[in-house]
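Numbering (UniProt numbering), first residue to last: 1 to 1134.
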Amino acid sequence: MGSKSKKGKGKRNAKNKNSPPGQEAAGASSSSAEQRAEDPGTSSEFPSLQESESTASHAPTDGTGSGGKSQHGMAKTTSAFDPSSVGLVTEDFSRATLDSTTNESAGSPWERSGKSKGKVSHPVSPAVGSVCGGIEFGGHQEDFPSLSRSPGKKGFGGTKTKDKTPFGDDFPSLPALGNKGCRPKNPPISLVEKVKPSAEAVVVGIPWKQQETQLKVDSPELAAPSSCTKGSAPSSSSSSSSVEATHSSKDSQPMKLVDIISSGSSHRVSSDFDFPPAKRGKSGRHINLITNYYDLTCKLPYIYHYDVAISEIKTDKSKMSHVKSPSKANSDNRSRLEKQQEARVSRKFCQEAFAKFIEILKENKKLQKLEPIYDGGKNLFTAQKLPIQDQLSFNVPLEVEGRTKHYTISLKPVKKLDGTNIINMKPLKSGNSYNLDTMNEILLVLNAIMNHRSANSQEIRVGRSFFSTSGSNRKDVGEGLEIWHGYNQSVHLTEKGPAIVLNLSARVFHKAGEAIDYIADLLGRDITQRRRPLTSFEVKKIQKALTKVRVKVTHLKYPRQYRINGVSDLSAQDLKMQIDGKEKSIAEYFGEKYGTLKFPHLHCFQMNSKNNKTFIPFEKCVILPDQHKAGSTDELSKRITSEMINATAVPPSDRFQGINNFAKRVNQICAPEMREFQLLMDLAPKKVQGRVLDAPQLRYSDGNISYPKNGTWSIAGQRFMKARRYTSWILLSFTESQQNLKKFALDLGKIFRELGLFFDEFKGILTYGNDVPTEEILSRSEVRNSSLIVIVLSKKDTYHNYDEIKFIADYCLGIVTQCVLDSVLSKSDPRILTNICLKINTKLGGVNHELALRPNVMRERVIILGIDVVHSTMCPSIAAIVGSMDRHVSTYKVCCRVQENEKRGKQSQELILDLEDMVGTILRGFLDHNSGKQPVRIVCYRDGVSEGQFRAVKDKEVESIRKASEKVYGKDVPLTFMVVQKRHQTRLRTENPRDGIGKGSNIPPGTTVDTVITYPNTFDFFLCSHEGIRGTSKPSRYTILHDGNHFDPDELQKFTYDLCYLFGRCTKSVSIPAPVKYADLAAYRAKKYADFQLKKMKRHKSSVPYTGKSSDLPQYAVEAINNMETSKNHMFFI
């Protein structure tokens, strides 16, 4: 998930709610290659583009104050601000106590109807997450096995049930467990009256010295005249320096450069905390661990919060063009890469503009010590109160590409619910008794302080990562790219107070310099030779590599920058356009105006401009520095992907040494800001005592038991727990070479028999070339009537497409297929063949193994749900849910839906819109599979959700599952709902290296942490369930949003750990529970359906733009995804 936050905007006044800082994007799920400790698909060092930085913010209030012209031609203002009187404010500001009382409802503590008595609709988040943008690595190796793929406690509480009879063939009759607790009613939320925003006012175009004498703190007569009502424009001054900054009509508004850029919160949260309270487990052997958390101590009681608005002054309003901020850019259909790059440009520009503003302010002697913190977007924080009641604005000149432009910068207090602009920092001293109304604001200001870098800093920020621009810590990897090494940082609230989390980070950057040199490095040849013009393939490769990259042109006398939109199909000497009424080539035009081109045989960049008809020859362009390459793994070659993995797979000892060095660096860089805000950073990393849970024992056929060690076990000499006899299987080959096919078939048949998988007949080997379509082959009777079709594919074969095979086999024909690469044939390794058999048995409805000692959770009918949402730049979001059907928790029913974002213009949709219906399908499937018996409880694992979405997920998805239960079963089945997160920065290492495992001395599988670094008020824990062979192990984070079963923490943690051993594709424990992995695979298969159809459409209609909506997909493709639940083979998607 992902993805991965970047999740909306809202006004930060009393009428709005603030979203927690650092929202993640939901993004793609973790890679299936579990043997790597740092999973490239989810590691923050390989951030998915869909997990680019979540920037939250606020917009200015709607109230439009009007400043009239004074007798002296100066703009009047309602702001009582006298810069000459500015000094230390000694007023005693007392923050009003918010009403956070709750009323416990009388009556039974358990509502049989399951209806909640008062929903809490305010978004809330216990803490901030970690996100970053960049290249996403890894992914699924669907259906291509290889060696690298190999992967209680008593007293369970719940509602009593009258049904104590055996419940279906798959469930043995077991004694019912007692009821230890009941789920209380949801308490009603106490509403807080919201404060209306104050009127705006502006002071623009007035030199500081004049304002110093004209604006008085105690001059109420300077209020806006009554003639200037809300929505009316103030009188324009004849002076050229006085420009209107607020207007009523849309067309007359000044051009907004930034509306929303922020690293913090964007909506207010409820002060009622109705997530399950914190619980701490006790089972397991103790292990001493070192974390990458560093304590922060804030001694300042109050911090003052101001809103910043920057807009360009346009004198000719007929030519006014709106400049989109990164947040507003999310509402259009541009790529994430373009939005992410624009965010960096806009933030850098805003910081430059605001630095000019601060210089003007400091011309006043009493403000010379002012050291505000500006986050580059909408937020300004000061350690002392500025005497601004409403708003203050200035005109600021700024050099932009060699031209002087004027901007209006407005500053006004951000009104809180108590009417002040104070962020109260005192709750940090009260242990874990955080007030949720201020929690997100505290994180907002602390992240802003620690992320602040001076204008002359030699670091650039990408997402939450920082990289040095000095040239150190970078590696040239060819193809015009470099790997930069830096660090990632974010502030979190823990049960012991705030802490900054640091981790190593790496990104791929474009090499700066002449575009011709970049292209030569990309193509691996000299492109200046006239006898070898660029081929169409090379042109496409250049366009793919450099689209959206910023360049500087060299033919103009002043600096001019562009963003590349594409590459011309023709060379500069062949590309002709109408110029001044004559048809000229680009080479001729440049020769006449700027001098003869050296390389007219080379092509041109098509630049992003108003008419998109600006073409600049390669030789006149220079790649600008400090541009990171964002996108998917498809945009990198295998060689560079391998280089990136090698660069980031750092063992724990080296990683933590690097983190400690960066901690000292952060403490040094942030020293002035930390000193200003009385913030102290402990340079000693936090230590925590964890617990190592026991691995489960696994049962195979005939009662044979396997004992996993360090998350791995052997299947040698074992037979599948449940396997059936099937009619026949057949081998299809789409490879040119037919060598080793017969041997492969014989060896695979031998492994079948050894594992207890029997077929009555092997129909033989059929080979096909490119002359026979895939659908025709699979539709032939000898193929279609087989129980299993094993298909050998070649990477060189572009005619028989894997996506097409799966679409036809799954949706059109309903047959079971297993694809393998032809490279497997020559090896014929028993371990690879065994992995193939693991998948085949699961697809055919078998059970590979089960838990020998079933936990209390599984001793009654239980349904385990796994939920995930996958996003793509090519297709709409796809939601997937799987639900266990049997007592082994091995067979799952799947349900998928194509969904569009409800907000206009947004493509990805993380919240599941049709969840009630999808869960209803799963629940009805459980009835059918278990002879009409209902589950006693439901346990749900939700992937791909960031902290900023916890409240929305709880309010919408938890309630949708409960409604589905009531609709299908007529009652509210007790539900436990938890979020699984892999995209975070937390890392752990053993204090004593002898406690670690493997060459890198990683933490052992089963390591659990639920103290010190966890949320202060929430039931959550970290669990590392897999072995880290390479790099540093990353634990998964589990946050329980709803616990209707009232689990004991030891019981829930052990059950979650056990589920990581039930993934059917390997004989290793995986990093997240099996149902979450299955949901991820189901969503990935659905995405394959969509990608195949879109690519096929693109071949026939390449000129048709893609908008990212389901309407772009053929109806049969949407139906194929939405009807995956109808497949008779439940586990076909693995």
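Built from N, CA and C at the ideal position, the CB exists for glycine as well. Being a predicted model, the structure only gives us computed values, none of them experimental.
Roughly how far, in whole angstroms, is the beta-carbon of Lys-686 from the beta-carbon of Ile-313, given that I think they are within contact range, below 8 Å? Rounded, the Cβ-Cβ distance is 49 Å, inconsistent with contact.
Is the region 558 to 576 close to the region 595 to 606, with three or more CB pairs under 8 Å? yes
Give, in chain order, every unbroken run of the alpha helix (DSSP H) that is at least 4 residues long and sits entirely within the region 391 to 462. 436 to 451
By the three-class DSSP mapping on this structure, what secondary structure does Tyr-1116 have? helix
Can you have a look at Gln-578 and say buried or exposed, based on whether 16 or more other CB atoms are within 10 angstroms of its CB? exposed
Specify the secondary structure class of Tyr-558 as computed by DSSP and reduced to three states. coil
What residue range is occupied by the uninterrupted beta strand (DSSP E) comprising Gly-883? 877 to 884
Do you know offhand how far Leu-289's Cα is from Gln-689's? 6 Å
If you draw a straight line from the C-alpha of Tyr-1078 to the C-alpha of Ile-623, how long is it? 43 Å
Does the region 719 to 729 come close enough to the region 779 to 794 that 3 or more CB-CB pairs lie under 8 Å? yes
Since Asp-1080 and Asp-914 should fall inside the 8 Å C-beta cutoff, what is the C-beta to C-beta distance between them, to a whole number of angstroms? The Cβ separation is near 19 Å, so there is no contact.
8 Å contact criterion, which Leu-698 and Leu-851 should meet: CB distance rounded: 7 Å
Going by alpha carbons, who is nearest to Pro-696 out of Gln-899, Asp-702, Pro-708? Pro-708
Just checking, does the region 972 to 986 make contact with the region 889 to 903 on the three C-beta pairs under 8 Å criterion? no
Tell me the residue span of the alpha helix (DSSP H) that contains Thr-648. 638 to 648
Measuring CB to CB, does Ile-527 end up less than 8 Å from Lys-548? no
Helix, strand or coil for Arg-725 per DSSP? strand
Between which two residues does the alpha helix (DSSP H) harbouring Asn-379 extend? No alpha helix (DSSP H) holds Asn-379; the beta strand (DSSP E) holding it covers 379 to 382.
Assign His-286 to one of two classes, buried (16 or more other C-beta atoms within 10 Å of its C-beta) or exposed (fewer than that). exposed
Please classify Leu-672 as buried or exposed, where buried requires at least 16 other C-beta atoms within 10 Å of its C-beta. For the record, residue 672 in the displayed sequence is Pro; it is not Leu. With fewer than 16 other Cβ atoms within 10 Å, it is exposed.
How long is the line joining the alpha carbons of Phe-46 and Leu-504, rounded to whole angstroms? Low per-residue confidence applies at Phe-46: pLDDT is 32, beneath 50, and the placement is therefore not dependable enough to give any value.
From Gly-948 to Glu-910, what does the alpha carbon distance come to, in whole angstroms? 12 Å
Rounded to whole angstroms, what's the CA-CA distance from Glu-592 to Ser-536? Just pull it up for me. 29 Å
DSSP state of His-1026, grouped into three classes? coil
Answer with buried or exposed for Cys-812, where buried requires no fewer than 16 other C-beta atoms within 10 angstroms of its C-beta. exposed
Which ranges would you report for the beta strand (DSSP E) in the region 908 to 944 if only whole runs of at least 3 residues count? 937 to 943
Going by DSSP in three states, Gly-552 sits in which element: helix, strand or coil? According to the sequence shown, residue 552 is Lys rather than Gly. The answer is strand: DSSP assigns Lys-552 an E or B state.
Using 10 angstroms around the beta-carbon of Tyr-1089, count the other beta-carbons present and answer buried if the total reaches 16, otherwise exposed. buried
Helix, strand or coil: how does DSSP classify Glu-363 here? coil
Grab me the residues of Phe-467's own chain with a C-beta within less than 6 Å of its C-beta, minus the 5 sequence neighbours each way, in chain order. Ile-460, Trp-484, Gly-486
Which residues in the same chain as Val-916 place their Cβ atom closer than 7 Å to its Cβ, once the five residues preceding and following it in sequence are excluded? Note on identity: in this sequence residue 916 is Glu, with Val being the wrong assignment. Closer than 7 Å at Cβ, skipping near neighbours: Ser-960, Lys-963, Ala-964.
Along the chain, where does the alpha helix (DSSP H) containing Glu-538 start, and where does it finish? 536 to 546
Compute the beta-carbon to beta-carbon distance between Thr-494 and Tyr-293, rounded to the nearest angstrom, for a pair I have assumed lies under 8 Å. 7 Å
Kindly indicate which residue of Phe-762, Asn-930, Asn-740, Lys-541 has the alpha-carbon position closest to the one of Gly-749. Phe-762
Determine, using beta-carbon pairs with one atom in the region 869 to 882 and one in the region 924 to 932, whether at least three such pairs fall under 8 Å. no
Is it buried or exposed, Thr-404, if we count other Cβ atoms within 10 angstroms and call 16 or more buried? exposed
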